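Protein chains in written order, with our numbering: chain A, 1 to 196; chain B, 197 to 404; chain C, 405 to 673; chain D, 674 to 1016; chain E, 1017 to 1198.
Each residue gets a CB set at the ideal place from its N, CA and C atoms; glycine is no exception.
It should be emphasised that the depicted structure is a prediction, and the values quoted were computed from it without experimental measurement.
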Amino acid sequence: MTYIGIIITFVFINNFILTQFLGLCPFIGVSKNVESAVGMGFAVTFVMSIAALATWAIQNFILIPMNIEFLQTITFILMIAALVQFVEMFIQKSSPALYKALGIYLPLITTNCAVLGIALISVRSNYNAIESFVAGIAAGLGFLLAIVLMSTIREKLDSEWVPAPLRGTPIAFITGGLMALAFMAFDKALLNNLIG
Amino acid sequence: MLKEFTKGIIKENPVFVLALGLCPALGVTSKVVNALGMGAGVIFVLLGSNIFVSLLKNFIPEKVRIPAYIVIIASFVTIVEMVMEAFIPSLYESLGVFVPLIVVNCVILGRAEAFANKNTIGASILDAFGMGIGFTLALIVIAFVREVLGAGTVSLVPIGSWDGVITIPGLSTSPARVFSLAAGALLVMGYLQALLKWSNMRKTEVKK
Amino acid sequence: MIDRVIYAFLSVGILGGLLGLALAYAAKIFAVKKDARVGELEENLPGINCGACGYPGCAGYAEAIVLEDAEMTLCSPGGPDVAAKIGEIMGVEVSVSGEKMVAQVMCRGTRETSKTKYEYDGVEDCNAMHSSFGGDKTCPYGCLGLGSCIKVCPVDAITKTDAGYLVIDRDLCIACGKCIDVCPTGVIKMIPYNAKDIVACNSTDKGGLVRKYCSVGCIGCKICDKKSPEGGFVIENFLATIDYSADGNRAEAIEACPAKCIIDLDAVE
Amino acid sequence: MSEEMKLRISSSPQIHSPASTAKTMWLVVLSLIPAGIWGVYAFGPRSIAVLAASILGAVASEYLMGLMLKKNTLRDGSAVLTGLLIGYNMPAEVPIFIAVLASVFAIVVVKWTFGGLGTNWMNPALAGRVFVFFSWTGGMSRWSMPHMVPDTVSGASPLGFLKTNLMNFSGSADGPMDFLAGQNYPVDSYMDLFIGRIPGCIGEVSALLLLIGGIFLIIVKIVNWEIPVFYLGSFALLTWIFGGLGYGNGFFTGDILFHLLTGGIMLGALFMATDIVTSPITRKGMIIFALGCGFLTFLIRFYGSFPEGVSLAIILMNIFVPMINRATQPAKFGKLPKEKKND
Amino acid sequence: MTEMIKTGSKLALICAVAALCLGAVNMVTEPQIAKFRAAKLKAALEQVAPAGTIGDETAADDVIVTSYYPVQDGTSMSGYILNLKGTGYGGDLIILASFTPEGAVIGSVLMEHDETPGLGKEAENDWYMEKYLGYSGTEIPTSKTQLEQADLDAISGATITYAGIGYALAAGSDFTVKLGGK
Chain A
1 MTYIGIIITF VFINNFILTQ FLGLCPFIGV SKNVESAVGM GFAVTFVMSI AALATWAIQN
61 FILIPMNIEF LQTITFILMI AALVQFVEMF IQKSSPALYK ALGIYLPLIT TNCAVLGIAL
121 ISVRSNYNAI ESFVAGIAAG LGFLLAIVLM STIREKLDSE WVPAPLRGTP IAFITGGLMA
181 LAFMAFDKAL LNNLIG
Chain B
197 MLKEFTKGII KENPVFVLAL GLCPALGVTS KVVNALGMGA GVIFVLLGSN IFVSLLKNFI
257 PEKVRIPAYI VIIASFVTIV EMVMEAFIPS LYESLGVFVP LIVVNCVILG RAEAFANKNT
317 IGASILDAFG MGIGFTLALI VIAFVREVLG AGTVSLVPIG SWDGVITIPG LSTSPARVFS
377 LAAGALLVMG YLQALLKWSN MRKTEVKK
Chain C
405 MIDRVIYAFL SVGILGGLLG LALAYAAKIF AVKKDARVGE LEENLPGINC GACGYPGCAG
465 YAEAIVLEDA EMTLCSPGGP DVAAKIGEIM GVEVSVSGEK MVAQVMCRGT RETSKTKYEY
525 DGVEDCNAMH SSFGGDKTCP YGCLGLGSCI KVCPVDAITK TDAGYLVIDR DLCIACGKCI
585 DVCPTGVIKM IPYNAKDIVA CNSTDKGGLV RKYCSVGCIG CKICDKKSPE GGFVIENFLA
645 TIDYSADGNR AEAIEACPAK CIIDLDAVE
Chain D
674 MSEEMKLRIS SSPQIHSPAS TAKTMWLVVL SLIPAGIWGV YAFGPRSIAV LAASILGAVA
734 SEYLMGLMLK KNTLRDGSAV LTGLLIGYNM PAEVPIFIAV LASVFAIVVV KWTFGGLGTN
794 WMNPALAGRV FVFFSWTGGM SRWSMPHMVP DTVSGASPLG FLKTNLMNFS GSADGPMDFL
854 AGQNYPVDSY MDLFIGRIPG CIGEVSALLL LIGGIFLIIV KIVNWEIPVF YLGSFALLTW
914 IFGGLGYGNG FFTGDILFHL LTGGIMLGAL FMATDIVTSP ITRKGMIIFA LGCGFLTFLI
974 RFYGSFPEGV SLAIILMNIF VPMINRATQP AKFGKLPKEK KND
Chain E
1017 MTEMIKTGSK LALICAVAAL CLGAVNMVTE PQIAKFRAAK LKAALEQVAP AGTIGDETAA
1077 DDVIVTSYYP VQDGTSMSGY ILNLKGTGYG GDLIILASFT PEGAVIGSVL MEHDETPGLG
1137 KEAENDWYME KYLGYSGTEI PTSKTQLEQA DLDAISGATI TYAGIGYALA AGSDFTVKLG
1197 GK
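This is the structure in structure tokens:
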């Protein structure tokens, strides 16, 4: 599969949030305003691309040669947790400005299932190193797209008369649901017809 | 003491109130039986990780706290995964990618962080049960609504010759399929949350 | 079979060890001297991230106090207790004005009691309406009643009564000031939490004019001051206000006010 | 007091149209009626039942929601319009319950959940249609031929027929018309398409009458010309460039006329994409929005798995509207709070 | 320095012990999982197989056919079972199908898929697959228009899945014919 195919797949067709239910907690939690949504989106994209690469290395250099694939979950998540913490410390030291913009979202990413999700999906799809990396970036961009769109809609809704019981997270979910309904336009067949 | 147990079920319900663990709450809830399986898995993992974290809270160094917790959680998840695949393969197939993702279920890490590493084993066990049951109940409610609307069936655990599926006449022939898909899951979740919020609002109004 | 268990033991153990070492090492070389006081401050701030202090959330405010010498009394939801605590942590005596303040809408005029200039048919938003000739009410100072403040209130303290005017629940209000910022007519004011009575009018027009457009507006007749001299009524620009440092009984003034715009808050709620 | 006539004023975010909401809505309904009459004439009395069911469903939901939230909004006509548009987007053979549920979903979930007219961000009628399309795809794909077409092949709309048959087509054809003729599909001329002698949804088949209604709305300044023109224009351009590829022909051979006259694109571009509430507020924003709709309609119709694409394209672009507004808003709106602090 | 080593070794210890436990559990569950998988494959093979004994799996060099099993009835070839990978609406369709040496479909089972519940997912059922049986080569239906009205209603809306299975089976049929009676 070409890189373009991978990108279209993860940004539109298998958008992590709108079709795969991965990364919903930050999607609902950090989409109240556009600035933080953008920050979170880029932070996730960054971590996902590195994580996809790192876990690919673990899978191919450790787990497969030793025939211990059953340790996939534990090694992947260990790697991701350490990576997130490492990235956080590194950015904090090297670029305080970037840290201010992204930093507060970084700890949230450890428990973002989207990161582990992309690692597992890349492995299951037998991607090579570069494909994994591209898939990580693409899935991150898909997350970025969804969360930024969501935040623009929520900012609009902030100035509207949403009935009281629905205000806050309920309306965010319903908004997400309608977005997902529209995103059903993108499917595997579309990709096949475009590239196939 | 009992409070640690009951708070997770309604007042601090992890899914509806704390909005944690949303991915599995929506991902696996197209069938009630999946919700039951996922709930059981989460209770087991939550129990195991809460016990170990509260036991090891003084042993684990601060700098590697998160990696250490997550390794403990991941071990329990892997055990669940392997046992499920070996002994309940049909359930394993329908839960699919979501079993390993129990690892990143924020409910579990959240409880380890916020509760187990500050409390005794006893309290942690109660907390795990309460949160786990609250999580499972929430999943069952979501799954029930989604399955009835989206497939016109209610699938429970198969017993003996009965396959465990209750078919609702009329609905099952032309169900609103959207509810079994991603869009419907998000909609159902939103309305259920709003319902809970509405009933809470009414309660406080009555008190006034 | 057993060899795989050994592989597992060794590889994951080594991986964990390496990562642990790396993290410990990284923590050392990347160590940023973080003032311990920031964390301590964060713990003592209310944590509702309302933004009333003007900084991005409680964490941002905590950092600003330590690094940028921000004012220590900016946290209005926390009130004097938190300010005192902040002072304690920073080792400075903080003088606080003392009283907890809450917001209140200084108008009880509805479409029934106040004349309107035109029929509004637009978005239900006070600022949108205000941009067309200052709102549909002839009174330019009153509450427009479309509830933009209700929408911005982070704690749902503002409600619209069945009669059509807005009230703020003082027990819920956290004094974040967002409603005051959003209100186009400036009819929402801060009053002390303990304030029992308000003059529910914001109009500084002359009495005769006020009487023409609103039946519950203050006309500046000074009867209140005469009836309850200890009530702290101050009449300026044809509008009575209450100086809450005076604590006299205002029952007689409430009784005597011709427009009935002096409101006993406890009686209303 | 009350007998004195008062000036009606609407505030700035509704700069599209100075007329009052109710008048706008009823005028749109009026301009839609000719196309509907053609639909009823073409597909017979059953289409009346479908239209009635969808309108009643919408009005009843609007009434109940109004009761719950204490707002009486029946007279503004928006519910009738939503119901009518939903009915127009249904095949005449659709099971009645589908038409009703589409309206209920549109009014309850898409509109009132967000607070009623003016607060929804997605076009209710289209979202309702998409909801039932994905829920009951079978029921939503039951077409019948207009009664004046002698041939009684039941089955597909022209676009649906193309979609299913072009996939395993190995011969060559000049374009869609030639292809349909080759497969014995009973459409002879562009005139059939233009007048509406083809199977399709009740209100979408008569391109002619829709066009008349749409031009009327543009003349009375209820809809701006930018959205329909740029929508249809970008779609036509893309169709012309890439539309011929599926028939084994080269670039720049697409059949623009065929694709503009079939499916719901006329209805969509003139009446749905132009919805005041869910389209951008600035001229620049509208153009971006319309170009997006054109591109997505093209993408879904030619490469997606659905024969149509109009409704999905428009609701997809609805998602982007707040972002487009944000990017194209005149500074005045964005800076409102700051200005206020000064005075 | 000692602090660092202490931290590292503590994490190492936790990880190693966790891995050890997992290894132990894996020793118990793995044979069970393998047994189940083999049983599932066997059941599927038996469901589609023509009369005869099923031979060993052979990898195939084909886009759609991933591997095949020859089926021998006594001395004559009674057919082949093919592992097919078609493209459906939601992703790959893994199909196990058997053919006569002449290329006609004998049996077919959808093993793995990602199709929409209620639409393409119906292909899991036997009645769905029956619509392909007995055909060979280009006769295998790939479009709804090749079906009777009654059948059409049953699969309505799942055009892509239907065509996906059809094309995969057609490719399988060609492949079998190429293998011939070998």
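Asked	Found
Pair within 8 Å by beta-carbon distance, A463 of chain C and E446 of chain C	yes
Members of the region 802–817 of chain D near chain A, C-beta cut-off 8 Å	V803, F804, F807
Within 8 Å, strictly: CB atoms of L1036 of chain E and V409 of chain C	yes
Sub-8 Å separation of G360 of chain B and S351 of chain B beta-carbons	yes
Close-in-space but distant-in-sequence residues of the same chain around I929 of chain D (CB under 6 Å, 5 per side omitted)	A909, T912, W913
Local conformation of K593 of chain C per DSSP, three classes	strand
Rounded C-alpha distance that separates F21 of chain A from Y1178 of chain E	27 Å
Any chain A beta carbon closer than 8 Å to W711 of chain D	no
For A532 of chain C, the nearest candidate out of C:K593, C:E523, C:S552 (CA to CA)	C:S552
Sufficient close CB pairs (3 or more, under 8 Å) joining the region 716–733 of chain D to the region 916–930 of chain D	no
Short CB-CB distance (under 8 Å) between A1034 of chain E and chain A	yes
Of the residues D:F770, D:P768, D:K744, D:L839, the one placed nearest G921 of chain D, counting alpha carbons only	D:L839
CB contact check: I262 of chain B to chain A, cutoff 8 Å	yes
Residue burial classification, N230 of chain B (beta-carbon count within 10 angstroms, cutoff 16)	buried
Amino acids of chain B, ordered along the chain, whose beta-carbon sits closer than 8 Å to that of V782 of chain D	L383
Residues within the region 405–416 of chain C neighbouring chain B, beta-carbon criterion of under 7 Å	none
I433 of chain C burial status per 10 Å Cβ neighbour count (16 or more: buried)	exposed
Minimum Cβ-Cβ distance from T19 of chain A to chain B less than 8 Å	yes
E289 of chain B, enclosing alpha helix (DSSP H) - first and last residue	285–291
Assigned exposure category for H1129 of chain E - 16 Cβ within 10 Å defines buried	buried
Closer than 7 Å at the beta carbon, the chain C residues around K259 of chain B	L427, A428, A431
Partners in chain E for L419 of chain C, counting only beta-carbon separations shorter than 7 Å	C1031
Cβ pair count under 8 Å reaching 3, the region 139–159 of chain A against the region 987–1004 of chain D	yes
G1180 of chain E (DSSP reduced to helix, strand or coil)	helix
8 Å Cβ cutoff met for L799 of chain D and P831 of chain D	no
Distance CB(S1083 of chain E)-CB(G1119 of chain E) smaller than 8 Å	no
F212 of chain B (DSSP reduced to helix, strand or coil)	coil
Backbone CA spacing between P170 of chain A and A215 of chain B [nearest angstrom]	10 Å
A1113 of chain E - containing beta strand (DSSP E), residue span	1108–1115
L754 of chain D versus D:S704, D:I871, D:S720, residue with shortest Cα-Cα distance	D:S704
Touching by the beta-carbon criterion (3+ pairs, under 8 Å), the region 511–528 of chain C and the region 125–134 of chain A	no
Three-pair Cβ contact test at 8 Å for the region 134–152 of chain A versus the region 81–91 of chain A	no
Cβ-heavy atom distance, C557 of chain C to the ligand MG, below 7 Å	Looking for the ligand MG in the displayed structure turns up nothing, as the structure carries no ligands at all.
Boundaries of the alpha helix (DSSP H) in which T912 of chain D is found, first to last residue	899–915
Of the residues A:A114, A:E160, A:S159, A:R124, the one placed nearest A138 of chain A, counting alpha carbons only	A:A114
Beta-carbon gap between F27 of chain A and I17 of chain A smaller than 8 Å	yes
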